[in-house]
Amino acid sequence: MALKRIIPCLLYDGNGLVKTVKFKNPSYVGDPINAIKIFNDKEVDELILIDINASKQKRKPHFDKIANMASEAFMPFAYGGGVKTYEDFSTLYKIGVEKVVVNSLIQEKPEVLKKVIEQYGSQAVIACVDFKKSIFGTIQPYSYLGFKIKFTLIDYATYLANDIGVGELMLNSVDKEGTWEGYDIKTSEQLLNAIDIPVIVSGGCGKIDDLKNILYQSNANAAAIGSMAVFSKKGMGVLINFPDRKNVIVE
Amino acid sequence: MIVIVDYGIGNLASVVNMFKKIGVKDVCISSDKVVIEKATKILLPGVGAFDAGMINLEKSGLIPLLNRKVLEEKTPVLGVCLGMQLLTKKSEEGVKNGLGWIDAETIKFDFNPLQKLKIPHMGWNYIKVNKANPLIDNENKSRFYFVHSYYVKCFDETQSVATSNYGIDFTCMVNKGNIYGAQFHPEKSLKFGMKLLENFTKL
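Going down the list, the protein sequences come from chains Z and W.
For the first sequence, this note's numbering assigns the number 7 to the initial residue and increments by one for each residue that follows.
For the second sequence, this note's numbering assigns the number 284 to the initial residue and increments by one for each residue that follows.
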């Protein structure tokens, strides 16, 4: 059986790595190349790097820097942020990125995504679905750029899997992000039961038990860690680290 | 010199990066017959569809040269992912004939819906070495990164040297003399893949 994956999700602001809380207050946590080298040594399953400013600042991905990062990543390496054209995707795959993470492009140019998937295969695209609790207490897909997403969360995920054809979903709770409170289990389970493609659950992981629960009780295919990969403990200093696989992964 | 055959398909940067990491300097990506002629080892990469791969190889005009290097001169060759599938005679994914260097065919994973197994088989998996071969140490518990919807079925079981399990046991490494294939991506499989590529360089 394919093994469950634990995936550090690193946030890049265009200069260095940062960590946010609920998408706000980025604090500097280090240099990406250095972090990637450490993650090699720690034998992490996969890495995701998101440039959180590229789309906001309407700029291209930093292809040269990404190529340098990819050249140090001896595990599958996914990149997201500011990827807008078919050529952007092609360039990323060429310089050593295995998977591209998309978010606002789903609203902006779904046809580009379809063309990329046709050419490079569904496994080459991860759709990042952010969600947030509304003031009425309902769960809704959320766009940090302010796009209106008319779907419910499940319908949106189904649309991405079936109509767009992405190979994986990254389900990210904005309310939990950076809080160390644990994943949003209820929403994750609803989504995991509803769709057939692999899901990476993200947002809120703070301890080993959170990982075990989401991977083996909720049956997520993969779990992303953010704060836990870059801080020693909640409120403590920067430490690039990765949980001991033996304590989580059932083999 | 190790030559990674560029036939317009696959992520070649990752393979070069890993060879460099393990200290191999004499490695290049090429579609040039003069360069491939000089190769002492050949790596056939590949991602994507079987027919697209074979059509690109045919267009490159490299097949007669590769046949001679591999079948007559016995230059060691490693096919990776689609590159391994292209070593077989044919694939359920397309209508083109493969290179046919390995006595095998490529078939699609076919699961009962009740098994709830997603295709492609994507992620890390352990492998079981069934027959000693120079690329992999069968003492070690090695895990590798896979992404594939089709797998290789050997007609000659002795050419299936390692298996992995995804719903069924399937062949994940083949070997026949100087010809090797890996269904997984050694270039993305951390120290486990480094070791395998290092062993390949020592052949």
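Cβ coordinates follow ideal geometry from the N, Cα and C atoms, glycine included.
At what residues does the alpha helix (DSSP H) containing Z:Q125 begin and finish?
Where Z:Q125 is concerned, the enclosing alpha helix (DSSP H) stretches over P116 to Y126.
Please confirm whether W:A445 and W:I419 have their CB atoms less than 8 Å apart.
Taking 8 Å as the Cβ cut-off, W:A445 and W:I419 qualify as a contacting pair.
Which one of Z:I54, Z:V254 and Z:L151 has the shortest CA to CA distance from Z:C15?
With distances taken between Cα atoms, Z:C15 lies closest to Z:I54.
At 7 Å on the CB atoms, spell out the chain Z contacts of W:P403, in chain order.
Correct list: Q129.
How far does the beta strand (DSSP E) with W:K243 in it reach, from first residue to last?
Any question about residue 243 of chain W goes unanswered here, given that chain W covers just 284 to 486.
What's the C-alpha gap between W:C364 and W:L327?
Approximately 9 Å between the Cα atoms of the pair.
Which residues in chain W sit within 8 Å of Z:A76, going by Cβ to Cβ distance?
What Z:A76 touches in chain W: A296, S297 and N300.
When DSSP labels each residue in this structure, what does Z:A229 get in the three-state scheme?
Residue state, collapsed to three classes: strand.
So, is the C-beta of Z:A8 closer than 8 Å to a C-beta in chain W?
Chain W, which has a Cβ nearer than 8 Å to the Cβ of Z:A8, makes this yes.
Any beta-carbon of chain W closer than 8 Å to the one on Z:D215?
For Z:D215, the answer is no, since every Cβ of chain W falls outside 8 Å of its Cβ.
Determine the DSSP secondary structure at W:S313, reduced to helix, strand or coil.
Here W:S313 sits in strand by DSSP.
Which residues mark the beginning and the end of the alpha helix (DSSP H) in which Z:F95 is found?
Start and end: Y92 to K100.
Please report the straight-line C-alpha distance between W:K436 and W:E375, rounded to a whole angstrom.
Those two C-alpha atoms are separated by around 11 Å.
Is W:M405 helix, strand or coil by DSSP?
W:M405: strand per DSSP, three-state reduction.
Rounded to a whole number of angstroms, what is the C-alpha to C-alpha distance between Z:N74 and Z:A235?
Those two C-alpha atoms are separated by around 21 Å.
Where does Z:N40 sit, in a helix, a strand or coil, going by DSSP?
Three-state result, Z:N40: helix.
Output needed for W:K357: all residues of its chain with C-beta closer than 6 Å, excluding positions within five of it in sequence on either side, in chain order.
Contacts found: N461.
Is the distance from the Cβ of W:I385 to the Cβ of W:K478 below 8 Å?
No; because the gap between Cβ atoms is not below 8 Å, this pair is not in contact.
On the premise that Z:V244 lies in contact with Z:V35, defined as a C-beta separation below 8 Å, what is that separation, rounded to the nearest angstrom?
Rounded, the Cβ-Cβ distance is 5 Å, consistent with contact.
Fully enclosed by the region 321 to 385 of chain W, which alpha helix (DSSP H) runs are 4 residues long or longer?
Complete alpha helix (DSSP H) runs here, min 4: 333 to 343, 346 to 350 and 365 to 368.
Are at least three pairs of beta-carbons, each pair with one atom in the region 107 to 123 of chain Z and one in the region 138 to 147 of chain Z, less than 8 Å apart?
Cβ pair count under 8 Å is below three, so no.
With 8 Å as the threshold, decide whether the Cβ of Z:F80 is near any Cβ in chain W.
With 8 Å as the cut-off, Z:F80 counts as an interface residue toward chain W.
Mind checking whether W:V227 and W:I292 have CB atoms under 8 Å apart?
For residue 227 of chain W there is no data in the structure shown, the boundaries of chain W being 284 and 486.
Please indicate yes or no: does the CB of W:S314 lie closer than 7 Å to some heavy atom of the ligand HEM?
For the ligand HEM, the structure offers nothing, since it holds no ligand at all.
Using Cβ-Cβ distances below 7 Å, what residues of the region 45 to 66 of chain Z are close to chain W?
Within the region 45 to 66 of chain Z, the residues whose Cβ lies closer than 7 Å to some Cβ of chain W are N46, E49 and D51, listed in chain order.
In whole angstroms, give me the CA-to-CA distance for W:G464 and W:I410.
Answer to the nearest angstrom: the Cα atoms are 14 Å apart.
Compute the Euclidean distance between the alpha carbons of Z:C211 and Z:A229, then round it to the nearest angstrom.
Rounded to whole angstroms, Z:C211 to Z:A229 spans 9 Å at the Cα level.
Can you say whether W:P396 is buried or exposed, counting buried as having 16 or more other CB atoms within 10 angstroms of its CB?
Exposed, since its Cβ has fewer than 16 Cβ neighbours within 10 Å.
On the three-state DSSP scale, how would you describe Z:Y148?
Coil, per DSSP.
Can the beta-carbon of W:M367 be found less than 8 Å from the beta-carbon of W:L480?
No; because the gap between Cβ atoms is not below 8 Å, this pair is not in contact.
Do you know offhand how far Z:K139's Cα is from Z:T185's?
Rounded to the nearest angstrom, the two C-alpha atoms are 15 Å apart.
Could you spell out where the beta strand (DSSP E) holding Z:A167 opens and where it closes?
It is not in any beta strand (DSSP E) - Z:A167 carries neither H nor E in the DSSP assignment.
Below 8 Å on C-beta distance, what does Z:G102 contact in chain W?
Here the neighbours are N294, A296, S297 and N300.
For the candidate residues Z:I56, Z:Y92, Z:I101 and Z:A79, whose alpha-carbon lies nearest to that of Z:N260?
Since the first residue shown for chain Z is 7 and the last is 257, residue 260 of chain Z is missing from the structure and cannot be characterised.
With a threshold of 7 Å on Cβ separation, who are the neighbours of Z:V256 within its own chain once the five nearest residues in sequence on each side are excluded?
Contacts found: Y222.
Going straight from the alpha carbon of W:G466 to that of Z:G241, what length do you get?
Reading off the sequence, residue 466 of chain W comes out as Gln, not Gly. Going from the Cα of W:Q466 to the Cα of Z:G241 covers about 44 Å.
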